[in-house]
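If you read the first sequence in our numbering, its first letter stands for residue 84, the second for the next number, and so on.
Where a beta carbon is used, it is the ideal one built from N, C-alpha and C, also for glycine.
In what follows, a structure is listed as structure tokens, so that the remarks can point back to it.
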Amino acid sequence: MKFASSPKREITPHLCYSPHIMDEKFLKPYDPKATEPGIYAMWEESGYFNPDNLPLELLGQMDGKPYTIVMPPPNANGDLHAGHALFVALQDIFIRMKRMQGYRALWIPGADHAGFETQVVYEKKLEKEGRSRFQMDPKELYEEILAFTLANKATMENQVRSLGASCDWSRQKFTLDPDLVKKVQQTFVKMFNDKLVYRGARTVNWCPKHQTSLSDIETDSVEESTPFYTFKYGPFEIGTVRPETKFGDKYVVMHPDDARYNEYKHGDTFELEWINGPITATVIKDNAIDMEFGTGVMTITPWHSQVDFEIAKRHGLDMEQIIDWRGKLLPIAGEFEGVKIAEARPKIVEKLKEKGLLVSVDDAYKNVVKKCYKCATMIEPQVKDQWFVKMEQLRDMAVTAVNKGDVRFVPEHEEKVFRHWMENAIDWNISRQIIWGIPIPAWFKDGEAVASLESPGEGWTQDADTFDTWFSSGQWPLLTTGYPDGDDFETYYPTAVMETGRDILFFWVARMIIFGLYLTDRVPFPTIYLHGMVNDANGKKMSKSKGNVINPLTLTEKYGTDALRMALVVGNTPGTDLSLREDKVKGYKHFANKLWNIARFVLETSEGADLNATKTEADEILIAELSALAKDVTNDIENYRVYLAAEKLYHYTWHRLADELIEESKPILAGMDDAAASRKATLRQLLTTLLPLLHPFMPFVTEEIWQNMPETTGFLMTTPWPAPHANT
RNA sequence: GGGCGACUAGCUCAGUUGGUUAGAGCGUUCGCUUCACACGCGAAAGGUCACAGGUUCGAAUCCUGUGUCGCCCACCA
């Protein structure tokens, strides 16, 4: 493979300094605050975060083979949290090692406009200011959210920098970049033409507070105790937990095989007294009815229930909206018109009771209700014209890829979770009734709907809806590498590994696999590394309302970035949640300082020594020991056992090198013989081997020490990795 | 209702796919102003590996069951 021979950046001389005598700063404890910003600026200025600028000598090791990670784009609607710090640490470890191994290591940063999530955050802000989006001009609202998002995006980028991320800022992407927006819209048009998206009036998850529909995974199912009412309905008894929806119920449904109701035939009609007076009801026989449940008879409300909708569709029954988009009853409710459902329910029950129609109430009944995952408002199922992605074919592609082993999961058991979800995935509602998002390139005229980037002509109006944000972020590996054309796409796609949180396996990872397969016939990444959640010291989920949120930047301020990175990584196995304790971070600050003092000791005692001195047999063994560790650690990282690699290096550094080797060296160094000369050269070599190994984990302190060693040149960041590959 | 995972030292967790006396960090106890480091050094205590069976020469590790906790998915009104 050929690789770009873009001119190597000249490194400004003042950036790399090699003092003859040890710098005074080694006489004081390591000071991350005074060190980190300068080091990061130096790296960034070097241009080496961009793999096209990497020295040819380095790339020559791997023949310019690419290694790509696409950074999960943080939502540009707030500060970074501990989870971001974890993924930065992990991904930077992979990228830094691969870069040192000679890969064209590319880590693409970005930001997500995060449609609904951002709008929710902004609406809360408006609420605090006593404003509401429903009283605002849409354009004005959009501009305000845009300004808010761009400000957050800039803050967020600097926070990512301060965590030491060696990502290529020159390739940074934002989901609302005009070229990306266009590509996302093109995908929609292509899917429309391929009949993989369709427009349909179907039951959607409607959030009455946020005034938008939501996908199934954007709702939480919560078990609640809800009274279960049984009412007289003509000659029948019917059960319900939602009396407020019953105004329009004029179909009574039972199972065709239910012997108890043999005398009633499908299509029979009868008169009955109902909530607001007499109505005519029709008997429907349908297999969906569970004869065992309740009386085996129910009435249906097709507009506000998925199951009822399906039944109504099968039999071509009328559907009528009972509850409006705000969650209030419509005129069909008569005297209850305009009343909120929560208020209306007990009143309706009371009325039915007075009419002698209430048979019984079961207060112990447990019922699963859907809630908006952002505001916990009860989801109101509503029938609405929306765009849906047809999942069947796409889902099969993804499952096949997993079965073939084209994608593997770390930890392995997540594959089962993924497959289980995938096999049951139903059509995906991608329309959102919010302004903050990518407009859906669809046009309507006389009940017809077409997808097209441009207006099809006179009289067509554009869809006012925007895409589910995951519709765009699902294409992220493609969008960031420049699909469908361009050198980057050619070179850097598919990526090497997708490292992200377990919580967005369905939201994001599943969709990326689907879009990758659909658009390129290739999975976007062969490996999915899923990290667990970062919880507070007591293992509780961090949340603003609980007030237990740990800001990673506060910790780096106090203990240094290297310390936080180690604390997040050591002992943190993939897929397992982590309890982040300040003590742990503090411990690794001490470790950074320990390394600092090791460097000080070694540099001090070996000043002016001949680094090529002949080594004693004992010293050769020490060199070999570290080589073996280097190989072992390389193997661990390449097999995603970062937690082990970090611990082994920690242990070697502190308890082998410092506690044993340095201690035993003291008397040896005191002599002026060959053994002393050998040991001086050996300690220096051990240090120059250990620093690259520790660098991916603790980039700042290692680079700082490296820059102060007389025998080193250039950056530690681009120094060859001191061990062969474990896998090739 | 279905699925996934966890249970190892006081606490937080490792234990790399069965192999000597089960490890780390923090904490605890004792002793050290030892000239790299008190952000330190030396030592020590502390575990029926949730429980019950099974496979095996050998089990924290594999199998079966039980219990407890956590997470995810779910259109029985």
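For this session: Can you check the region 489-515 for any alpha helix (DSSP H) of at least 4 residues that lies completely inside it and give the ranges in chain order?
Result: 497-506
Exercise. What is the C-beta distance between K411 and G399, in whole angstroms, given that I count them as a contact (C-beta under 8 Å)?
Worked result: Contact flag wrong, Cβ pair sits at about 29 Å.
Exercise. So is D195 buried or exposed if we call it buried at 16+ other beta carbons inside 10 Å?
Worked result: buried
For this session: Give a yes or no on whether the C-beta atoms belonging to N718 and L661 are separated by under 9 Å.
Result: Between N718 and L661, the C-beta spacing is not below 9 Å.
Problem set entry | Cα-Cα separation, R92 to I178 | Low confidence applies to R92: its pLDDT is 36, below 50, so where it sits in the model is not reliable enough to give any reading.
Problem set entry | First and last residue of the uninterrupted alpha helix (DSSP H) at H673 | For H673, the enclosing alpha helix (DSSP H) stretches over residues E665 to T688.
Problem set entry | Endpoints, beta strand (DSSP E) assigned at I74 | Because the chain is modelled from 84 through 811, residue 74 falls outside the range shown and cannot be assessed.
Exercise. Touching or not, the region 701-720 and the region 755-766, by the rule of three or more beta carbon pairs under 8 Å?
Worked result: Flag = yes, the region 701-720 and the region 755-766 touch.
Exercise. How would you label F798, buried or exposed, when you count the other beta carbons within 10 angstroms and need 16 or more for buried?
Worked result: buried
Exercise. Looking at the structure shown, is L536 part of a helix, part of a strand, or coil, going by DSSP?
Worked result: coil
Exercise. Taking the continuous beta strand (DSSP E) assigned at I362, which residues delimit it?
Worked result: G360 to K368
Exercise. Helix, strand or coil: how does DSSP classify K624 here?
Worked result: In the structure shown, K624 adopts coil according to DSSP, grouped into three states.
Problem set entry | Sequence-distant residues of the same chain with beta carbon closer than 8 Å to T238, five excluded per side | D162
Exercise. Would the region 364-382 and the region 456-465 be scored as touching if the rule is three or more Cβ pairs under 8 Å?
Worked result: no
For this session: Determine the burial state of N450: buried for a count of at least 16 other Cβ atoms within 10 Å of its Cβ, exposed for fewer.
Result: N450 is exposed by the Cβ-count criterion.
For this session: Classify K453 as helix, strand or coil using the three-state DSSP reduction.
Result: strand
Problem set entry | Where the beta strand (DSSP E) containing I191 begins and where it ends | R187 to I191
For this session: Just the C-alpha distance for S388 and T286, rounded to the nearest angstrom, thanks.
Result: 7 Å
Problem set entry | When L712, W386, G130 and K641 are compared against I405, the one with the closest alpha-carbon | Nearest C-alpha to I405: W386.
Problem set entry | Contacts around T736, its chain only, beta-carbon distance under 8 Å, and the 5 residues preceding and following it disregarded | The answer, listed in chain order, is F674, K677, L678, I681, L773 and L777.
Exercise. Hey, how far is the Cα of W553 from the Cα of I587?
Worked result: 10 Å
Problem set entry | Alpha carbon of G183 to alpha carbon of E506, nearest angstrom | Per the sequence shown, the amino acid found at residue 183 is Met instead of Gly. The alpha-carbon atoms of M183 and E506 are separated by roughly 41 Å.
Exercise. So, helix, strand or coil for R216, using DSSP?
Worked result: helix
Exercise. Distance, Cα to Cα, K430 vs T309?
Worked result: 16 Å
Problem set entry | Contact between the region 601-615 and the region 624-643 (3+ Cβ pairs under 8 Å) | no
Exercise. Along the chain, which unbroken stretches of the alpha helix (DSSP H) at least 4 residues long are found entirely within the region 727-788?
Worked result: The DSSP assignment places 746-753 and 757-777 as complete runs of the alpha helix (DSSP H) inside the region 727-788, in order along the chain (cut-off: 4 residues).
Exercise. DSSP state of P149, grouped into three classes?
Worked result: strand
For this session: Pull up the distance between the alpha-carbon of W252 and that of G622, whole angstroms please.
Result: 34 Å
For this session: Give the range of the alpha helix (DSSP H) segment to which D583 is assigned.
Result: In the sequence on display, residue 583 carries Thr and not Asp. No alpha helix (DSSP H) contains T583, which is instead part of the beta strand (DSSP E) from M581 to G584.
Problem set entry | Residues near N655 by beta carbon distance below 7 Å, same chain, minus five either side | L661 and Y726
Exercise. For W804, does the three-state DSSP call read helix, strand or coil?
Worked result: coil
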